[in-house]
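Quick mapping for you: the protein sequence lines, in order, are chains H and A. Every letter in the first sequence is one number past the one before it in our numbering, and letter 99, counting from 1, is 92. Every letter in the second sequence is one number past the one before it in our numbering, and letter 77, counting from 1, is 750. A short write-up of the structure that comes next.
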Amino acid sequence: NAGVTQTPKFQVLKTGQSMTLQCAQDMNHNSMYWYRQDPGMGLRLIYYSASEGTTDKGEVPNGYNVSRLNKREFSLRLESAAPSQTSVYFCASSVGTGELFFGEGSRLTVL
Amino acid sequence: QQPVQSPQAVILREGEDAVINCSSSKALYSVHWYRQKHGEAPVFLMILLKGGEQKGHEKISASFNEKKQQSSLYLTASQLSYSGTYFCGTANNTDKLIFGTGTRLQVFP
């Protein structure tokens, strides 16, 4: 059972480079999320998708874009990475307001 | 707006009890509780829904006061495996789950 799969698990970027974090779930969940986690800040919601084709901003959306192309996949794109985006990124999925299932996380460092 | 958790940190001996509180300035539809071990993803513990429906996990329980927009997580007879950071997540009726800043719990033998 794969659950929620995130790629890549580790990435180092230079300031100004772009990249996409991929997330896929095989549980037929309608809701998907992207969070970032920084020391002392907890988990902060970047973007949320309630269903295929819909997305909504979370607490910290600036500098990010997302795509929900189908029910399984929800990608997060950094168009021009900045050092402030150094963080651990978690993708999660759920059925409506139910339990969130998290991926293992993607550790991003921006130099 | 992030829910506020208290205390920020708790240190316990095995067998002791602890309470972690979570409060929001907004009306709540549901409250989630998760535990995260260092270097791992958060793991679901419990969800409490408006109207009193509650689900549990292991020996940990929780309450949800809708009028005060508060929830409390009760850990009784703590075990070493309870160590970690606990997060509450709150949602109104839009399904967006917003997490608090966490409470770090350390249990010693």
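Each residue gets a CB set at the ideal place from its N, CA and C atoms; glycine is no exception.
- Chain-ordered, the chain H residues with CB closer than 7 Å to the CB of D768 of chain A read S24, A43, G89, T90.
- Counting of Cβ neighbours within 10 angstroms places R686 of chain A among the exposed residues, the total staying below 16.
- In its chain, beyond the 5 residues on either side, Y28, R29, Q30, D31, G51, E52, V53 have a beta carbon closer than 8 Å to the beta carbon of R37 of chain H.
- Within the DSSP secondary-structure output, F781 of chain A pairs in a beta bridge with A:R686.
- The stretch 9 to 23 of chain H makes no contact with the stretch 739 to 746 of chain A, as fewer than three CB pairs between them are under 8 Å.
- Using a Cβ-Cβ cut-off of 8 Å, T774 of chain A is close to G33, M34, G35 of chain H, given in chain order.
- Just so you know, the alpha carbons of E66 of chain H and M25 of chain H end up roughly 9 Å apart.
- Short of 6 Å from the beta carbon of D690 of chain A, and not among the five residues preceding or following it, lie these beta carbons of its own chain, in chain order: T749.
- In this structure, T774 of chain A sits away from L701 of chain A, with a CB-CB distance that is not shorter than 8 Å.
- When the Cα atoms are used, W706 of chain A and E92 of chain H turn out to be separated by approximately 9 Å.
- No Cβ of chain A is located within less than 8 Å of the beta carbon of E72 of chain H.
- Neighbourhood of Y702 of chain A in chain H, by CB distance below 8 Å: T90, in chain order.
- Against chain H, the CB of H711 of chain A has no partner CB under 8 Å away; the residue lies outside that interface.
- Proximity to R777 of chain A across A:K723, A:T758, A:I720 peaks at A:T758, based on C-alpha coordinates.
- In this structure, A:S703 is the residue among A:S679, A:V780, A:S703 with its C-alpha nearest to the C-alpha of K723 of chain A.
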